[in-house]
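Just remember that this note's numbering sits 4 ahead of the position in the sequence shown, which is counted from 1.
The C-beta atom is built at its ideal place from N, Cα and C for all residues, glycine as well.
To start, the structure under review is shown below, and the notes come after it.
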Amino acid sequence: MKVLITGGAGFIGSTVASKCADAGIEVVVLDNLVAGRQEFAARFPFYRGDIADEALIDRIFADHPDIEATVHCAALIVVEESVTNPCRYYDNNVSKSLTLVSSVLRNGCQRFLFSSSAAVYAPGDGGRVDEHSPIGPQSPYAHSKAQFETMLDDVVAATDLSAISLRYFNPVGADPELRSGTSSARPTHALGKLFESYSTGTPFKVTGTDWPTRDGSGVRDYVHVWDLADAHLRALSRFDEIAAASTSLTVINLGSGHGTTVWELVRAFEKVLRHDIDTVSSGRRTGDTAGAYASNERAARLLDWAPSLTLEQGIDDTARWLVMRASRLRGTQ
Ligand SMILES: NC(=O)c1ccc[n+]([C@@H]2O[C@H](COP(=O)([O-])OP(=O)(O)OC[C@H]3O[C@@H](n4cnc5c(N)ncnc54)[C@H](O)[C@@H]3O)[C@@H](O)[C@H]2O)c1
5 MKVLITGGAG FIGSTVASKC ADAGIEVVVL DNLVAGRQEF AARFPFYRGD IADEALIDRI
65 FADHPDIEAT VHCAALIVVE ESVTNPCRYY DNNVSKSLTL VSSVLRNGCQ RFLFSSSAAV
125 YAPGDGGRVD EHSPIGPQSP YAHSKAQFET MLDDVVAATD LSAISLRYFN PVGADPELRS
185 GTSSARPTHA LGKLFESYST GTPFKVTGTD WPTRDGSGVR DYVHVWDLAD AHLRALSRFD
245 EIAAASTSLT VINLGSGHGT TVWELVRAFE KVLRHDIDTV SSGRRTGDTA GAYASNERAA
305 RLLDWAPSLT LEQGIDDTAR WLVMRASRLR GTQ
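In structure tokens:
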């Protein structure tokens with residue numbers, strides 16, 4: 005089998021690419037490098053360009069007529085930036101993604117696996133969400149994911165396209181072999197900020213300590229990126245079976261299946277790094293919620309998938325990745 009991975013030079017796309025390659029699936033990568041790193045895709049045929057470049061997509065399929073599925077990981081992903089620049093996010097994540105769908109369909113590729121997000125769900129109360137939980141995106145980024153899912157659903161109903169949307173919760177870690185990982189220089193999530201506190205000595209801010217959760221801090225669901233990649237592999241290998249069972253878009257949650265509070269994350273981090281972190285508590289930030297964690301029941305049933313790696317493993321792999329990357333970057337200066 006051969007697959008096209010858009011955004012395959014990014015954090016998740018590159019990890020999915022490694023997982024696929026390890027399983028004998030041939031990988032072709034398309035990425036415009038707006039955020040990704042070309043070296044993450046160095047082992048694969050690589051096309052630098054935009055998902056909305058129709059001539060480029062035609063060229064990729066002319067070069068690789070045996071591509072059987074598209075894994076669409078390309079997107080802009082910074083929530084805060086989506087609030088200040090919504091046009092850029094809707095253009096990239098919705099309009100351009102729709103052009104991509106037309107392009108792959110035109111080239112006869114009818115299997116489409118989409119990187120969606122748990123951000124499409126309505127604000128959580130710290131509890132479990134399944135695929136029937138209410139949709140209620142809270143940012144242009146989250147809206148862009150929800151809107152594209154709606155469009156995909158319509159396209160699936162009207163054309164030969166089959167599509168699966170994987171709603172990731174909070175990915176952490178790196179490829180355990182450290183072939184790729186996050187390239188973000190600006191941590192925007194709690195684990196990234198913990199690493200920032202660790203390296204700069206500045207206190208880690210726990211924002212919101214009066215949520216209705218077991219210790220008052222917010223809940224997230226951290227899932228190892230290598231487990232996520234495994235779910236993609238399973239979705240690709242069972243694609244036709246899953247698609248045959250539905251005339252609409254199939255959505256599947258991918259999380260660890262349990263919630264971790266911010267205080268629990270801090271303790272796990274201290275244990276793995278063997279280093280105490282200074283913390284300060286502050287009030288809730290605008291737009292924050294108590295959070296949520298995934299019901300993985302559907303992923304277990306359709307993909308026979310369950311996460312196998314712990315949060316501690318995710319923290320350790322992230323740490324090993326950041327150390328290796330920093331030393332490599334120093335070596336190239
Ligand atoms: N990282 C997370 O926390 C998270 C959570 C849920 C869902 N997701 C989704 O997973 C996917 C991958 O996220 P990631 O964390 O790997 O992000 P990333 O920024 O590391 O990777 C995205 C990649 O897409 C590329 N890209 C963006 N727009 C493009 C375009 N128009 N044409 C070609 N390439 C383009 C970027 O250069 C980058 O390499 C995204 O769709 C994201 O919305 C991520």
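Could you tell me the alpha carbon to alpha carbon distance between residue i and residue j, rounded to whole angstroms?
i: residue 238; j: residue 199; result: 32 Å
i: residue 244; j: residue 120; result: 20 Å
i: residue 310; j: residue 36; result: 32 Å
i: residue 326; j: residue 205; result: 17 Å
i: residue 74; j: residue 164; result: 14 Å
i: residue 25; j: residue 319; result: 24 Å
i: residue 269; j: residue 58; result: 44 Å
i: residue 136; j: residue 126; result: 11 Å
i: residue 279; j: residue 228; result: 22 Å
i: residue 197; j: residue 246; result: 38 Å
i: residue 286; j: residue 203; result: 21 Å
i: residue 211; j: residue 47; result: 41 Å
i: residue 29; j: residue 92; result: 33 Å
So, for residue i: in the same chain, excluding its five sequence neighbours on each side, which residues have a beta-carbon less than 7 Å away from its beta-carbon?
i: residue 151; result: 98
i: residue 71; result: 6, 7, 8, 32, 65 and 113
i: residue 11; result: 17, 35, 40, 77, 78 and 79
i: residue 312; result: 231
i: residue 159; result: 105 and 165
Measure the beta-carbon distance from residue i to residue j and round it to whole angstroms, keeping in mind my assumption that it falls under 8 Å.
i: residue 299; j: residue 133; result: 6 Å
i: residue 258; j: residue 303; result: 6 Å
i: residue 123; j: residue 141; result: 6 Å
i: residue 53; j: residue 34; result: 6 Å
i: residue 60; j: residue 118; result: The Cβ separation is near 20 Å, so there is no contact.
i: residue 265; j: residue 219; result: 5 Å
i: residue 307; j: residue 235; result: 6 Å
Would you check whether ligand 1 has a heavy atom nearer than 7 Å to the C-beta of residue i?
i: residue 38; result: yes
i: residue 100; result: yes
i: residue 91; result: no
i: residue 77; result: yes
i: residue 49; result: no
i: residue 172; result: yes
i: residue 34; result: yes
i: residue 121; result: yes
i: residue 179; result: no
i: residue 16; result: yes
Can residue i be considered in contact with ligand 3, in the sense that its beta carbon sits closer than 7 Å to one or more heavy atoms?
i: residue 226; result: Absence of ligand 3 from the depicted structure is noted, with ligand 1 being the only ligands included.
For residue i, I'd like the list of residues in its chain whose CB is within less than 8 Å of its CB, leaving aside the five on either flank, ordered along the chain.
i: residue 153; result: 118, 120, 124, 169, 253 and 255
i: residue 276; result: 316, 319, 320 and 323
Leaving out five residues before and five after residue i in sequence, what residues of the same chain have Cβ atoms less than 6 Å from its Cβ?
i: residue 195; result: 176
i: residue 186; result: 15
i: residue 90; result: 144
Between residue i and chain D, is any beta-carbon pair separated by less than 8 Å?
i: residue 233; result: Judged by its chain identifiers, the structure shown contains no chain D, having just a single protein chain.
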